[in-house]
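Numbering (the working numbering), first residue to last: 375 to 583. Note that CB positions come from ideal geometry on N, CA and C, so glycine has one too. Just so we're clear, the structure is a prediction, and the values are computed from it rather than from any experiment. Okay, so here's the structure we're looking at.
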């Protein structure tokens, strides 16, 4: 029986094996004996998280064999030598993911430094430019709210909770039509876009999250 498992756009580094739907479906089918050999192009298709991915591959071996296309050989785990080589291979896959992340991050920072917007939801007060790609333009109504937030904070010396209350009293809504909360005000005050420059990499992604 030939079965195919696809996980389009799923990162083997950022996604924990428990959330890998395609991989888990393959594992459950292996336990049921629906196939004898798991065919993968590269071992990193099982994962790019060193020890966790290696352990998951070994769990597969309890129920089926694994053939790795790019190595043109079977994945085995018989004895100390195999265990060391297998760990090195999965460690190498993890390092490759980290190296790629560094290259992408450096490039995105450079693009932002040049003043280009690299995608995603525009900050409140802005919208994607209809004619110029990778550029933002002001959304007039939202922009006035942003100006008022900064005026209340800088000139009036009000706190974020009080500013949110004032906006709500005036019937002003967030982009999603909800009432303002202090966290929404905090995001506006901390977002460097309103101060005239773009940034990248302010949030941190750890392995598996």
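Check the Cα spacing between residue 526 and each of 505, 451, 560: the tightest is with 560. In terms of CA proximity to residue 377, 412 leads the group 412, 395, 394. Taking a 10 Å sphere around the C-beta of residue 397, we find 16 or more other C-beta atoms and assign the residue as buried.
In the three-state scheme derived from DSSP, where H, G and I count as helix and E and B as strand, residue 379 is classed as coil. Here the alpha carbon of residue 395 sits roughly 45 Å from the alpha carbon of residue 518.
Within the model, the alpha-carbon separation for residue 379 versus residue 513 is close to 44 Å.
Straight through space, the alpha carbons of residue 535 and residue 554 are spaced by roughly 9 Å.
The alpha-carbon separation between residue 510 and residue 551 amounts to approximately 22 Å.
Residue 417 is classed as buried because its beta carbon has at least 16 other beta carbons within 10 Å across all chains shown.
Taking each of 409, 432, 567 in turn and checking the Cα distance to residue 453, the smallest one comes out for 432. By DSSP's assignment, residue 449 forms a beta bridge with 440. In this structure, the CA atom of residue 499 is about 16 Å from the CA atom of residue 538. The Cβ neighbour count for residue 430, taken over all protein chains shown within 10 Å, is at least 16; the residue is labelled buried. For residue 559, the uninterrupted alpha helix (DSSP H) segment begins and ends at 556-564.
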